[in-house]
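Order-wise, the sequence lines are chains A and B.
Position in the first sequence (first residue = 1) + 34 = my numbering.
Position in the second sequence (first residue = 1) + 34 = my numbering.
Each residue gets a CB set at the ideal place from its N, CA and C atoms; glycine is no exception.
Predicted, not measured: the structure shown is a model, and the values here were computed from it.
Written out below as structure tokens is the structure these notes cover.
2 protein chains.
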Amino acid sequence: MNGVLSEIDLLGLLDSAKMRPTRQRKALAEILFKAGHRHVTAEELHREACSGGIRMALATVYNTLHLFTRAGLLREVTVDSGQRYFDTNVSHHHHILNEQTGQLSDIGEEELLISGLPEASEGMEISCVDVVVRVRLADKEKL
Amino acid sequence: MNGVLSEIDLLGLLDSAKMRPTRQRKALAEILFKAGHRHVTAEELHREACSGGIRMALATVYNTLHLFTRAGLLREVTVDSGQRYFDTNVSHHHHILNEQTGQLSDIGEEELLISGLPEASEGMEISCVDVVVRVRLADKEKL
DNA sequence: GTCATTGCAAATACTTTGCAAATCA
DNA sequence: TGATTTGCAAAGTATTTGCAATGAC
């Protein structure tokens, strides 16, 4: 299930980002971009790589995530003051966060309409508008 | 400028939160609640306290911020994966973040209208919807 | 062979915990 | 005085940096 084509895709991806195709980068790119869109923390990604038998320092995962982000292959999502999340969906969109599990999912930008946004003040511009919908298990026992 | 009344206010505030009025707490409460609404990080608050001549460990600032938050006197705002911000405005509202300076300001909840929010999935409920408008200095040199 | 680039140990930044000391009834 | 609570040193997480080793050309 990872034939020649996928290998080429990954190489193309790294090449387009002007990054040398090291063993570690190929492994991380494969985990990140092989399936559909994903949201990961460095820790999760590192664990997955290790499970897959790829030995790598956690710092390398961080460095690679930042490089991918700078290259436009990932986008950082701010939903938690304790941990950085990276999203393989780099188009602008919003998020739903499960407060209990930390699980993130996407809301397409076009689904939400936000009106009443203030003008950016003199000399400033809006760089983006992020919406986070926090959800949790409903109180079962509501009388 | 900090007469008897303000002292009483602070004591009342701490008392209503069921917290003993220690020297450190009074000092922090004074910094936080004396003027209008504020957004602070633990680090900033600690620096201010020190400047004001109140010696205190940074950990005490964190503990106090959490106690105030649990008591409903503060609200935590998530806009940065690296640092926790606390807001003395505890009503529900949104934020503008200056990406360059880290400065936060408020947008009243009633100013924004958000339509198209998804239903919470089965058994889940929406706990809150947070909007962050990120702004930065406009590119001067746009041709 | 050269030299930009990588990968990771060590350092840093931020936050929380555990417990001795202080405080109140 | 004894139970409770406090304040902070030390520990714990999350992330970044600096540089020896590597690998592309």
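For A:N97, verify whether its CB is less than 6 Å away from any heavy atom of the ligand COA. In terms of ligand content, the structure shown is empty, and the ligand COA therefore cannot be addressed.
Closer than 8 Å at the beta carbon, the chain B residues around A:I14: Residue 14 of chain A lies beyond the residue range present for chain A, which begins at 35 and ends at 177; the question has no answer from this structure.
Below 9 Å between beta carbons is the criterion; list the residues of the region 92 to 125 of chain A that meet it against any residue of chain B, in chain order. E110, V111, T112, V113, D114, S115, G116, Q117, R118 and Y119
At 3 residues or longer, what runs of the beta strand (DSSP E) sit wholly inside the region 55 to 94 of chain B? 73 to 75
Burial state of A:A76, where buried means 16 or more other Cβ atoms lie within 10 Å: buried
Cβ distance (whole Å) where B:L44 is taken to contact B:E64 below 8 Å: 6 Å
Can you pull the chain A neighbours of B:V163, defined as C-beta to C-beta under 9 Å? V165, V166, V167 and R168
Neighbour list for B:E133 in chain A, Cβ cutoff strictly below 7 Å: S161
I need the straight-line Cα distance from A:H100 to B:A93, nearest angstrom please. 30 Å
Length of the line joining the Cα atoms of B:M35 and B:A69: With a pLDDT of only 43 at B:M35, under 50, the local geometry of the prediction cannot be trusted, and the value read off the model is given with reservation. Using only the alpha carbons, I get a separation of about 12 Å.
Could you tell me the alpha carbon to alpha carbon distance between A:H80 and B:L171, rounded to whole angstroms? A:H80 and B:L171 have their C-alpha atoms roughly 36 Å apart.
So, with DSSP's three-state summary, where would you put B:L48? Helix, per DSSP.
Partners in chain B for A:L147, counting only beta-carbon separations shorter than 9 Å: Result: L147, I148, S149 and G150.
Between the beta-carbon of B:E143 and the beta-carbon of B:H126, is there less than 7 Å? yes
Give me, in chain order, the residues of the same chain whose beta-carbon lies closer than 6 Å to that of B:R109; leave out the 5 immediate sequence neighbours on both sides. D121 and V124
Please classify B:E143: does DSSP put it in a helix, a strand, or coil? helix
So which residues of chain A does B:I141 contact, with C-beta pairs closer than 9 Å? The contacting residues are G150, L151 and P152.
In the DSSP assignment, what residue or residues form a beta bridge with B:M158? A:L171
Name the residue from A:H73, A:S85, A:R72 and A:V166 whose alpha carbon lies nearest to the alpha carbon of A:L131. A:V166
By DSSP's criteria, B:K131 is part of a beta bridge. Which residues make up the other side? Per the sequence presented here, residue 131 of chain B reads as Leu, with Lys not at that position. Partner(s): B:L138 and B:R168.
Taking C-beta pairs closer than 9 Å, name the residues in chain B that A:G136 reaches, listed in chain order. Here the premise fails: no neighbours, minimum Cβ distance about 13 Å.
Which residues of chain B have a Cβ atom closer than 7 Å to the Cβ of A:A76, listed in chain order? Result: empty, since nearest Cβ-Cβ is about 11 Å, beyond 7 Å.
For A:G86 and chain B, any beta-carbon pair shorter than 7 Å? Output row for A:G86: interface = no.
Note down, in chain order, each residue of its chain lying with its Cβ closer than 6 Å to the Cβ of A:P55, except the 5 sequence neighbours on either side. L45 and L48
Answer with buried or exposed for A:T112, where buried requires no fewer than 16 other C-beta atoms within 10 angstroms of its C-beta. buried
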